[in-house]
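Report on the following structure.
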Amino acid sequence: MSGATAETTSSQESSFLSTIVTEIFQSPLNIALLGLIIFLVYRIIKSRQDENTPMPESESLPSLKKRDFTVQELKQYDGNQEDGRVLLAVNGKVYDVTKGKRFYGPGGPYAAFAGRDASRGLATFNVTGGDQYDDLSDLSTLEMDSVREWETQFNEKYEYVGRLLKPGEQPNNYSDEEDESNAEKSKDD
Ligand code: HEM
Numbered sequence: 001m002s003g004a005t006a007e008t009t010s011s012q013e014s015s016f017l018s019t020i021v022t023e024i025f026q027s028p029l030n031i032a033l034l035g036l037i038i039f040l041v042y043r044i045i046k047s048r049q050d051e052n053t054p055m056p057e058s059e060s061l062p063s064l065k066k067r068d069f070t071v072q073e074l075k076q077y078d079g080n081q082e083d084g085r086v087l088l089a090v091n092g093k094v095y096d097v098t099k100g101k102r103f104y105g106p107g108g109p110y111a112a113f114a115g116r117d118a119s120r121g122l123a124t125f126n127v128t129g130g131d132q133y134d135d136l137s138d139l140s141t142l143e144m145d146s147v148r149e150w151e152t153q154f155n156e157k158y159e160y161v162g163r164l165l166k167p168g169e170q171p172n173n174y175s176d177e178e179d180e181s182n183a184e185k186s187k188d189d
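Structure (structure tokens):
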């Protein structure tokens, strides 16, 4: 009797599972999303395994002196250059994400953000970064909220380096003696 109940339960489970699997594979969009999830999880697991290898010198680089960047200048810092430093911009702020190299370094799942303004990509769930200055003016309120949330997250985790300059905008001249509060102030300009 109990054997029969167990059999019924297991056959119910397997039919439930097969319904889900069938539903997933019915839509090409679901298949694409599943593929994307598997791919990203694989890349993250792989980069975690790589983490167990000794830390290369490039991940413990000295702090970069505060400075502002044009889009072109930022581009050099995609982790492929000799020192391997990785910078990216979010909402007009440039962050040193070298310690997050497993995400943004060459071959990482979010390498497309390295040396670029990641704002639009982060807000639209698209792992791409443009080559031109992006004023983000066409993003929706929700998307801009998401950009600001990402900015807060980067602020908490990574070192702020300077501003991403609009075309024609002049860089700030950060003096060596400038204290943190001044740096914070210029960051909000
Ligand atoms: C397909 C679904 C996705 C999965 C399963 C996934 C999963 C993950 C996981 C597990 C982490 C690591 C968290 C940690 O160890 O701290 C991560 C980090 C991250 N994800 Fe995704 N992700 C996905 C899609 C995306 C998309 C579409 C974007 C943006 C376009 C994105 C942006 C990021 C960023 C920027 C980080 C690193 C944050 C940092 O620097 O700490 N992810 N993701």
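Heads up: the sequence shown runs through residues 1 to 189, numbered per the UniProt record's numbering.
From the three backbone atoms N, C-alpha and C, an ideal C-beta is built for every residue, glycine too.
Residue i, enclosing alpha helix (DSSP H) - first and last residue
| i | result |
| --- | --- |
| A123 | 119-123 |
| V86 | Note, V86: premise wrong, no alpha helix (DSSP H); not H, not E. |
| E73 | 71-75 |
First through last residue of the beta strand (DSSP E) which encompasses residue i
| i | result |
| --- | --- |
| E159 | 159-163 |
Inter-residue spacing [alpha-carbon to alpha-carbon] between residue i and residue j
| i | j | result |
| --- | --- | --- |
| G35 | T22 | 16 Å |
| E143 | T124 | 7 Å |
| F16 | Y160 | 49 Å |
| Q170 | S27 | 50 Å |
| K46 | A32 | 21 Å |
| E73 | V97 | 16 Å |
| V94 | F69 | 8 Å |
| L64 | R102 | 20 Å |
| S58 | E82 | Residue placement at S58 is poorly supported in this model, since its pLDDT is 47, which falls under 50; the coordinates are not used for a value here. |
| residue 262 | D78 | For residue 262 there is no data in the structure shown, the boundaries of the chain being 1 and 189. |
| Q153 | D117 | 15 Å |
| S60 | S14 | 50 Å |
| T19 | F25 | 10 Å |
| S175 | R48 | 38 Å |
| residue 195 | V127 | Residue 195 lies beyond the residue range present for the chain, which begins at 1 and ends at 189; the question has no answer from this structure. |
| S137 | E151 | 17 Å |
| P62 | N172 | 21 Å |
| I37 | L29 | 12 Å |
7 Å Cβ shell around residue i - same chain, five flanking residues per side excluded
| i | result |
| --- | --- |
| I44 | P109 |
| N80 | P106 |
| Q76 | G115 |
| L40 | P109 |
Sequence-distant residues of the same chain with beta carbon closer than 6 Å to residue i, five excluded per side
| i | result |
| --- | --- |
| V147 | N91, S119, A123 |
Proximal residues to residue i (C-beta, below 8 Å), its chain only, five neighbours per side dropped
| i | result |
| --- | --- |
| D135 | K166 |
| Y158 | Y95, D96, V97, K99, G100 |
Task: contact_flag[the stretch 80-90, the stretch 109-129] where n(CB pairs < 8 Å) is 3 or more - done: In the pairwise beta carbon analysis, the stretch 80-90 is classified as touching the stretch 109-129: at least three pairs are separated by under 8 Å.
Task: Complete runs of the alpha helix (DSSP H) confined to the stretch 89-113 [at least 4 residues] - done: The DSSP assignment places complete alpha helix (DSSP H) segments of no fewer than 4 residues inside the stretch 89-113 at 101-104, in order along the chain.
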